[in-house]
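What follows is one structure encoded as structure tokens, with my remarks underneath.
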Amino acid sequence: MILILFGPPAAGKGTQAARLKERHKVAHLSTGDMLRAAIAQGTEVGKRAKAIMDKGDLVPDEIVIGIIGDRIKDPDCKNGFILDGFPRTVNQAKALDELLKGRTLEVSVVIVIEVDEAALIKRVENRANEARAKGEPVRADDDPETFKKRLAVYKAETAPVLPYYDNQGKTKRVDGMKSIDEVTAQIEAVVKTAKPRKGWFG
Ligand code: AMP
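According to our numbering, the residues represented by the sequence shown are 114 to 315, in order.
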């Protein structure tokens, strides 16, 4: 399966992607994680991305499209993969379709994790407090002010990706305000009933 987990920052995409990976033995592709790894390694991409990410802005499309284009060629993507945090612009969504078409694949389903904004802000504040309590650094982009910026960027640039997939009949919505286990159950129900398409590896 080629499954997109879609939703605003801090909606729980990473947590759910990790569970899907475990259960379905597919790869988990998080552009945010890959960019953070690039920063940690001090690569050219990492150098370009750091200041942009710290501000809560989007890294240029060509960078993330390049990262994903390379990554989906890896052997662990053969059984399918979950995209977490990509695509984040309509341009990225179109580029993804083209990348997949070249391999006679297509997106199987787009799972939209719906959450309310006030709850998200609370969630991020808690995450920051927990990190501080453990003596761990708070991710610069999880600073509550930066987070509000990321939400605004989500609304302006990422939310328009939804109609793109609605038009393809690929979106399925789940209630992200439920417990983590309940959200997982809703996602599993979608995965079970999703119509097989090209790129659906069982
Ligand atoms: P995330 O961990 O998915 O919330 O991503 C953290 C940050 O990485 C985002 O706020 C962006 O600055 C950058 N980023 C991750 N994925 C993308 C993407 N698909 N397009 C542009 N920027 C991205």
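Glycine included, each C-beta is placed from N, C-alpha and C at the ideal position.
Any non-hydrogen atom of the ligand AMP within 8 Å of Leu-148 CB: By 1-based counting over the sequence shown, the position of residue 148 is 35. Yes, Cβ of Leu-148 sits closer than 8 Å to a heavy atom of the ligand AMP.
In whole angstroms, what separates the C-alpha of Ala-131 from that of Asn-192? Here the question's residue 131 lines up with position 18 in the sequence shown. Here the question's residue 192 lines up with position 79 in the sequence shown. Rounded to the nearest angstrom, the two C-alpha atoms are 15 Å apart.
Collapsed DSSP secondary structure at Gly-315 in the structure displayed: Stepping through the sequence shown from its first residue, residue 315 is reached at position 202. Its pLDDT being 45, under 50, Gly-315 is placed unreliably in this model, and the value from its coordinates should be taken loosely. Looking at Gly-315 - three-state DSSP - the assignment turns out to be coil, as it is neither helix nor strand.
Whether Asp-254 touches Arg-240 by CB criterion (9 Å): Sequence index remark: in the sequence shown, residue 254 carries index 141 (1-based). Sequence index remark: in the sequence shown, residue 240 carries index 127 (1-based). No, the Cβ-Cβ distance between Asp-254 and Arg-240 is not below 9 Å.
Distance between Val-274 and Arg-201 (C-alpha atoms, nearest Å): By one-based count along the sequence shown, residue 201 stands at place 88. By one-based count along the sequence shown, residue 274 stands at place 161. Looking at the two C-alpha atoms, the distance is approximately 7 Å.
Would Val-99 and Lys-285 qualify as a contact pair, given that the criterion is a beta-carbon distance under 9 Å? Limits of the chain in this structure are 114 at one end and 315 at the other, which puts residue 99 out of reach.
Tell me which residues share the same chain as Lys-262 and place their Cβ nearer than 6 Å to its Cβ, disregarding the 5 neighbours each side in the sequence. Taking the sequence shown and counting its residues from 1, the one referred to as residue 262 is at position 149. Gly-169, listed in sequence order.
Mind checking whether the beta-carbon of Val-177 lies closer than 8 Å to any heavy atom of the ligand AMP? What you label residue 177 is simply residue 64 of the sequence shown in a count that begins at 1. Yes, the Cβ of Val-177 comes within 8 Å of a heavy atom of the ligand AMP.
Exposure of Gln-281, with buried meaning 16 or more beta-carbon neighbours within 10 Å: Counting from one through the sequence shown, the residue named residue 281 turns up at place 168. The residue in question, Gln-281, is exposed, as its Cβ has fewer than 16 Cβ neighbours within 10 Å.
When burial is assigned at 16 or more other CB atoms within 10 Å of the CB, is Pro-121 buried or exposed? Taking the first residue of the sequence shown as 1, we reach residue 121 at position 8. Counting Cβ neighbours within 10 Å, Pro-121 comes out buried, since at least 16 surround it.
Counting C-beta neighbours from all protein chains within 10 Å, is the total for Gly-315 16 or more, i.e. buried, or is it exposed? Numbered from its first residue, the sequence shown carries residue 315 at position 202. Here the model assigns Gly-315 a pLDDT of 45, short of 50, so the residue's position is not dependable, and the following value carries that caveat. With fewer than 16 Cβ atoms within 10 Å of its Cβ, Gly-315 is classed as exposed.
Nearest-angstrom Cβ-Cβ length linking Thr-144 and Phe-194, presumed shorter than 8 Å: Translated into positions along the sequence shown, residue 144 becomes position 31. Translated into positions along the sequence shown, residue 194 becomes position 81. Contact doesn't hold; Cβ gap of about 12 Å is too wide.
Comparing alpha-carbon positions, which option in Val-266, Pro-276, Val-304, Ile-185 lies nearest Ile-165? What you label residue 165 is simply residue 52 of the sequence shown in a count that begins at 1. Ranking the options by Cα distance to Ile-165, first place goes to Val-266.
Give the straight-line distance between the Cα atoms of Leu-233 and Gly-127, rounded to the nearest whole angstrom. Residue numbering aside, residue 233 sits at position 120 when the sequence shown is read from its first letter. Residue numbering aside, residue 127 sits at position 14 when the sequence shown is read from its first letter. Spanning the two alpha carbons is a distance of roughly 14 Å.
Could you check which residue in Ala-231, Gly-182, Lys-247 has the C-alpha nearest to that of Arg-216? As a first step, residue 216 must be located in the sequence shown, where it is residue number 103. It is Gly-182.
DSSP bridge partner residues for Lys-285 (one or two, in chain order): If you number the sequence shown from 1, residue 285 lands on position 172. Partner(s): Ile-224.
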